[in-house]
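Trainee: Here's a structure for you.
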Amino acid sequence: MTVSEFFHMGGYAFYVWSSYGLATVLLIWTFFSPMLSKKNIIKELRIKYRQQERQAQESQNQE
Amino acid sequence: MKLPAIVNKFASPKNFYSMSGKMIPWFVWGFVLTLLAGLYYGFFVAPPDYQQGESYRIMFVHVPAAWMSMFIYMVMATSGAIGLIWRIKTADLMASVSAPIGAVFTLIALATGSLWGKPMWGTYWVWDARLTSELILLFLYLGFIALQASIEDPRNAARAGAVLAIVGVVNIPIIHYSVEWWSTLHQGATVSKMDKPSIHISMLIPLLLMAVSFKLYYVSSALMRARGEILRREQNSRWVKEIVTGENITGEAK
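If you read the protein sequences in the order shown, they are chains L and Y. With the numbering used here, the residue at position 26 of the first sequence is 40, and numbering never jumps. With the numbering used here, the residue at position 192 of the second sequence is 1457, and numbering never jumps.
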């Protein structure tokens, strides 16, 4: 089997490769999107905790 | 019925977070290895089909994706039910994070089936029982996601989602038996038959490798989603604050 024969898929190249291509894109996107959202959550929480600490300090200073 | 205390301790968000963090790399490696083996067998070892030629190689992604679409739905409904009955937060969590992954596998099953149907049946789509019930499965997933997104209180969202998921379970046997109950273009089951699978071993091996690979993909992907979601849902607890800020407030050894 030559390389071009392999990619030709016996004339079914479009159907076979778009099936695998679509599955690859969707599975990669589904896999990596939670990594991004986890990073965002951590970023948001850092800001939130820092604000909480600042508020706690301010109220201590007022006392 | 009460669960033993050890279950609650094991399923606590904190324990779940640290355990899953250790397990994810193993699942990811298992996924990658079975995927490579499955693709190698599927493209280079398995011979062309005597009727369908090379086009049948779509099966190695289509069939495992379709299996996953139903398997994940059952996991989602079961963990939803567990969360409903025993109020285990991590069970609710697993139901929520499973839904988008299940929806993606359903979409893959539908799209690759369509791309396989065109050269073999002469049409991308036909409104028969198998295809329609699988499309309903996609709508069930999307409905579950939309319902949970529309309810702000996480416990109410979990409860409403679980009820929807449990009611939707009725669709799973319909999908499975649709090819027997109604006349259809879709072929019948070849692997799960009681006597002997009517598929040659050289094609069965890559099919099963891909099925295992997709299962491991689902587990690692769901656990990763769950870890992010735990941080958000448990943001007011001390251990999350410790992880996020990198401080060791309680003075415990890490």
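Just so you know, even glycine gets a beta-carbon here, dropped at the ideal spot from N, CA and C.
1) Determine, using beta carbons only, whether A1376 of chain Y comes closer than 9 Å to chain L.
2) Pick helix, strand or coil for D1357 of chain Y, following the three-state DSSP scheme.
3) Quick one: grab the DSSP three-state call for G1387 of chain Y.
4) By DSSP, does G1286 of chain Y sit in helix, in strand, or in coil?
5) Cα separation between Y26 of chain L and S33 of chain L?
6) Along the stretch 1381-1408 of chain Y, what residues have a CB closer than 8 Å to any CB found in chain L?
7) By the criterion of Cβ-Cβ separation under 9 Å, what are the contact partners of P1313 of chain Y in chain L?
8) Could you name the residues of the same chain whose beta carbon sits closer than 7 Å to that of I1431 of chain Y, not counting the 5 residues immediately before and after it, in chain order?
9) Between the Cα of Y1305 of chain Y and the Cα atoms of Y:F1325, Y:L1412, Y:M1335, Y:K1354, which residue gives the shortest distance?
10) Is K1506 of chain Y close to chain L, meaning its C-beta is less than 9 Å from at least one C-beta of that chain?
11) Quick check: V1444 of chain Y and G1433 of chain Y, are their CB atoms within less than 9 Å of each other?
12) Candidates Y:F1292, Y:H1441, Y:L1469: which alpha carbon is nearest R1395 of chain Y's?
13) In this structure, what does DSSP give as the bridge partners for D1314 of chain Y?
14) Use the C-beta contact count for D1357 of chain Y: other C-beta atoms within 10 angstroms, 16 or more gives buried, fewer gives exposed.
Mentor: Result, derived from the coordinates:
1) Position 111 of the second sequence, counted from the first residue, corresponds to residue 1376 of chain Y. So yes, A1376 of chain Y belongs to the interface.
2) Within the second sequence, the letter at position 92 stands for residue 1357 of chain Y. For D1357 of chain Y, the secondary structure class from DSSP, reduced to helix, strand or coil, is helix.
3) Walking along the second sequence from the start, residue 1387 of chain Y turns up at place 122. Three-state result, G1387 of chain Y: coil.
4) On the second sequence, position 21 is the one that residue 1286 of chain Y refers to. The answer is helix: DSSP assigns G1286 of chain Y an H, G or I state.
5) Looking up residue 26 of chain L in the first sequence gives position 12. Looking up residue 33 of chain L in the first sequence gives position 19. Rounded to whole angstroms, Y26 of chain L to S33 of chain L spans 11 Å at the Cα level.
6) W1381, K1383, P1384
7) Counting from 1 along the second sequence, the entry for residue 1313 of chain Y is found at position 48. Those within 9 Å of P1313 of chain Y in chain L are G24.
8) In the second sequence, residue 1431 of chain Y corresponds to position 166, counting from 1. Cβ within range, chain order: A1342, G1345, A1346.
9) Numbered from 1 along the second sequence, position 40 holds the residue referred to as residue 1305 of chain Y. Ranking Y:F1325, Y:L1412, Y:M1335, Y:K1354 by Cα distance to Y1305 of chain Y puts Y:F1325 first.
10) Along the second sequence, read from residue 1 onward, the residue named residue 1506 of chain Y stands at position 241. Judged by the 9 Å Cβ criterion, K1506 of chain Y is in contact with chain L.
11) Counting from one through the second sequence, the residue named residue 1444 of chain Y turns up at place 179. Counting from one through the second sequence, the residue named residue 1433 of chain Y turns up at place 168. Cβ distance not < 9 Å, so V1444 of chain Y and G1433 of chain Y don't count as in contact.
12) On the second sequence, residue 1395 of chain Y is found 130 positions in, with the first residue counted as 1. The option with the nearest alpha carbon to R1395 of chain Y is Y:H1441.
13) For this step, residue 1314 of chain Y is matched to residue 49 along the second sequence. Its beta-bridge partners are Y:G1318.
14) To locate residue 1357 of chain Y, count along the second sequence from 1; it is residue 92. Per the 10 Å Cβ criterion, buried.
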